[in-house]
Amino acid sequence: MKLQVKADLAILMITFFWGASILLTKIGLNHIQEYNLIALRFLIAFFISGIVFYKHLIKIDFKTVKYAIILASILFLIYICATFGTKYTSVSNAGFLMSLTVIFIPVLEFINFKQRPEKKVVVGILLTILGISLLTLNSELRIGFGDILCILCALFYAVYILVTGAMTKHADSISLGVLQLGFVGLFAFVFSMFMETPRLPDTFESWFAVLVLSIFCTAITFIVQIIAQQYTSPTHIGLIFTLEPVFSAGIAYIFTGETLNLKGYLGATLILLSVLIAELDFKSLLKQKNHSKNME
């Protein structure tokens, strides 16, 4: 299996965890405040990943710390927007608007690097826009405060993906991934100290939400992402991330009984199709098919 395919599968796993994170964030915010939740989520993730990868942290240098602070600053903005945005809009709206990262990445790449996306990627993006719209939009969609924050979250995340891709070429990716978690947790704790009353969760439901967010949706995902990004393209990452609303819908069905209408299922199908179009190497497949025919 090619390294890029392995990396894309790792990004797919991350997307599943993030699909679950919207509902978990909603649950967590029922019990603790926004910066408090971000601080707990990232500090727990930092300590867990720090224990696992302590050998990498021993070797860190000033450049790695500097890069980690830069990434953490962007990531902190992302999670301020994501957490408050999730609070002030619906789960479906949040899922759709945060998936706009797939649109922002090729736009930013073209603006900054004059890098035109492949034709199949453009087709994938167009199908993705239509698919996410069918899956999540309804006639009552309005651009409110939460919606604006979710759009900003998608924009900042596109920036984060591009900056991470550049920085992992010049620093140890695991050290960078672990340190950024710690800095985000520290930033959030400081904000919580001044703007909220920090406290620990006091119910099983809130502890469950915080721990799953910390371990699976933060520690595992960001470490895996920062490694996988070295072997795949930013546009591929953005397209795979558009599956997040599909996973969100599936998780909502399993745990809350929420179902999609016909339009929603059509949208989910188009999103899956768009990812397949963008991911598959049709030229190689045709060559293999022709080679197999010639061998017969």
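In my numbering, the protein residues as written are 277 to 572.
Even glycine gets a Cβ: it sits at the ideal position worked out from N, Cα and C.
> Roughly how many angstroms separate the alpha carbons of His307 and Ser490, rounded to a whole number?
Replying inline: Counted from its first residue, the sequence shown places residue 307 at position 31. Counted from its first residue, the sequence shown places residue 490 at position 214. Those two C-alpha atoms are separated by around 16 Å.
>> Considering only the alpha carbon of each residue, which of Gly543, Ala315, Ile502 lies closest to Phe523?
In response: As a working note, residue 523 is residue 247 in the sequence shown. Comparing Cα-Cα distances from Phe523 to each of Gly543, Ala315, Ile502, the minimum goes to Gly543.
> Can you list, in chain order, the residues of its chain whose CB lies under 6 Å from that of Ile503, leaving out five sequence neighbours each side?
Replying inline: If you number the sequence shown from 1, residue 503 lands on position 227. For Ile503, where only same-chain residues beyond five positions count, the Cβ hits under 6 Å are Ser449.
>> Helix, strand or coil for Asn312? Go by DSSP, reduced to three states.
In response: Stepping through the sequence shown from its first residue, residue 312 is reached at position 36. Asn312 falls in the helix class under three-state DSSP.
> Per DSSP, what kind of secondary structure is Arg392 in: helix, strand or coil?
Replying inline: Numbered from its first residue, the sequence shown carries residue 392 at position 116. Residue state, collapsed to three classes: coil.
> Thinking C-beta only, is Phe318 closer than 8 Å to Val460?
Replying inline: For the purposes of this step, residue 460 is taken as residue 184 along the sequence shown, with counting starting at 1. For the purposes of this step, residue 318 is taken as residue 42 along the sequence shown, with counting starting at 1. The answer is yes: Cβ separation under 8 Å.
> Rounded to whole angstroms, how far is the Cβ of Asp423 from the Cβ of Asn369, which I believe are closer than 8 Å?
Replying inline: Your numbering for residue 423 matches position 147 in the sequence shown. Your numbering for residue 369 matches position 93 in the sequence shown. Under the criterion of beta carbons closer than 8 Å, Asp423 and Asn369 qualify as touching, at roughly 6 Å.
>> For Ala348, count the other beta carbons within 10 Å of its own beta carbon; 16 or more makes it buried, fewer makes it exposed. Which is it?
In response: Residue numbering aside, residue 348 sits at position 72 when the sequence shown is read from its first letter. It is buried - the Cβ of Ala348 has at least 16 other Cβ atoms within 10 Å.
> Which of the three DSSP states, helix, strand or coil, is assigned to Lys270?
Replying inline: Absent from the model: residue 270. The displayed extent of the chain is 277 to 572, so no value can be given.
> Starting from Ser451 and walking both ways along the alpha helix (DSSP H), at which residues does that stretch end?
Replying inline: Walking along the sequence shown from the start, residue 451 turns up at place 175. Its alpha helix (DSSP H) spans residues 449-471.
>> Check whether chain C comes within 8 Å of Leu351, counting only Cβ atoms and requiring the distance to be less than that.
In response: The structure shown contains no chain C, having only a single protein chain.
> Are Leu313 and Thr377 closer than 8 Å when you measure CB to CB?
Replying inline: Residue 313 sits at position 37 when you count from the first residue of the sequence shown. Residue 377 sits at position 101 when you count from the first residue of the sequence shown. It is not a contact, given that the beta carbons lie outside the stated cut-off.
> Can you name, in chain order, every residue of its own chain whose Cβ lies under 8 Å from the Cβ of Gly420, other than the five neighbours on each side?
Replying inline: As a position in the sequence shown, residue 420 is number 144, starting the count at 1. If we look at Gly420 and ignore the five residues flanking it on each side, its Cβ neighbours are Tyr364, Thr365.
>> Can you tell me whether His446 is helix, strand or coil according to DSSP?
In response: Locating residue 446 in the sequence shown gives position 170, counting from the first residue. Here His446 sits in coil by DSSP.
>> Going by DSSP in three states, Asp284 sits in which element: helix, strand or coil?
In response: Within the sequence shown, residue 284 is the residue found at index 8, counting from 1. Of the three classes helix, strand and coil, the one that applies to Asp284 here is helix, per DSSP.
> If you drop the 5 nearest sequence neighbours on each side, which residues of the same chain put their C-beta closer than 6 Å to that of Ile553?
Replying inline: Within the sequence shown, the letter at position 277 stands for residue 553. Correct list, in chain order: Lys396, Val399, Gly400.
> By how many angstroms is the C-alpha of Gly453 removed from the C-alpha of Ile547?
Replying inline: For the purposes of this step, residue 547 is taken as the residue at position 271 of the sequence shown. For the purposes of this step, residue 453 is taken as the residue at position 177 of the sequence shown. In a straight line, the C-alpha of Ile547 is about 29 Å away from that of Gly453.
> How should Glu394 be labelled, buried or exposed, when 16 other C-beta atoms within 10 angstroms of its C-beta is the threshold for buried?
Replying inline: Taking the sequence shown and counting its residues from 1, one reaches residue 394 at position 118. By the 10 Å Cβ count, Glu394 comes out exposed.
>> Applying the 10 Å Cβ sphere with the 16-neighbour rule, what's the burial state of Thr479?
In response: For the purposes of this step, residue 479 is identified with residue 203 of the sequence shown, where counting begins at 1. The Cβ neighbour count for Thr479, taken over all protein chains shown within 10 Å, is under 16; the residue is labelled exposed.
> Do you know whose CA, among Tyr541, Ile527, Thr518, lies nearest Met374's CA?
Replying inline: Start at 1 with the first residue of the sequence shown, and residue 374 comes out as number 98. Nearest C-alpha to Met374: Thr518.
> Terminal residues of the continuous alpha helix (DSSP H) containing Tyr529?
Replying inline: Within the sequence shown, the letter at position 253 stands for residue 529. Note, Tyr529: alpha helix (DSSP H), 520-532.
>> Within 8 Å, do at least three Cβ pairs link the stretch 469-483 to the stretch 292-309?
In response: The stretch 292-309 makes contact with the stretch 469-483: 3 or more CB pairs, one atom from each, lie closer than 8 Å.
>> Tell me which residues share the same chain as Phe465 and place their Cβ nearer than 6 Å to its Cβ, disregarding the 5 neighbours each side in the sequence.
In response: As a first step, residue 465 is located in the sequence shown; it is residue number 189 there, counting from the start. Excluding sequence neighbours, Phe465 sits near Ala315.
>> For Ala286, which residues in the same chain have their Cβ closer than 8 Å to its Cβ, ignoring the five residues on either side in sequence?
In response: Position 10 of the sequence shown, counted from the start, is the residue given in the question as residue 286. Exclusion of the five residues before and after Ala286 leaves Val500, Gln501, Ile503, Ala504 as the residues of its chain whose Cβ lies within less than 8 Å of its Cβ.
> Do you know offhand how far Phe380's Cα is from Thr404's?
Replying inline: Mapped onto the sequence shown, residue 380 falls at position 104. Mapped onto the sequence shown, residue 404 falls at position 128. Between Phe380 and Thr404, the C-alpha separation is close to 13 Å.
> Based on Cα-Cα distance, which residue from Gln280, Phe293, Lys282 lies nearest to Thr497?
Replying inline: Stepping through the sequence shown from its first residue, residue 497 is reached at position 221. Of the candidates Gln280, Phe293, Lys282, Phe293 places its Cα closest to the Cα of Thr497.
> Are Ile350 and Tyr436 close, meaning C-beta to C-beta below 8 Å?
Replying inline: Stepping through the sequence shown from its first residue, residue 350 is reached at position 74. Stepping through the sequence shown from its first residue, residue 436 is reached at position 160. Against a cut-off of 8 Å, the Cβ pair of Tyr436 and Ile350 comes out as a contact.
> Going by alpha carbons, who is nearest to Cys426 out of Leu384, Gly371, Pro477, Phe467?
Replying inline: For the purposes of this step, residue 426 is taken as residue 150 along the sequence shown, with counting starting at 1. A check of alpha carbon separations from Cys426 across Leu384, Gly371, Pro477, Phe467 identifies Gly371 as the nearest.
> In the structure shown, what three-state DSSP assignment does Gly420 receive?
Replying inline: Position 144 of the sequence shown holds residue 420. Correct three-state label for Gly420: coil.
> Nearest-angstrom Cα distance between Leu455 and Leu428?
Replying inline: Walking along the sequence shown from the start, residue 455 turns up at place 179. Walking along the sequence shown from the start, residue 428 turns up at place 152. Taking the straight line joining both Cα atoms gives about 24 Å.
> Can the beta-carbon of Ile527 be found closer than 8 Å to that of Leu299?
Replying inline: In the sequence shown, residue 527 corresponds to position 251, counting from 1. In the sequence shown, residue 299 corresponds to position 23, counting from 1. Cβ atoms of Ile527 and Leu299: closer than 8 Å.
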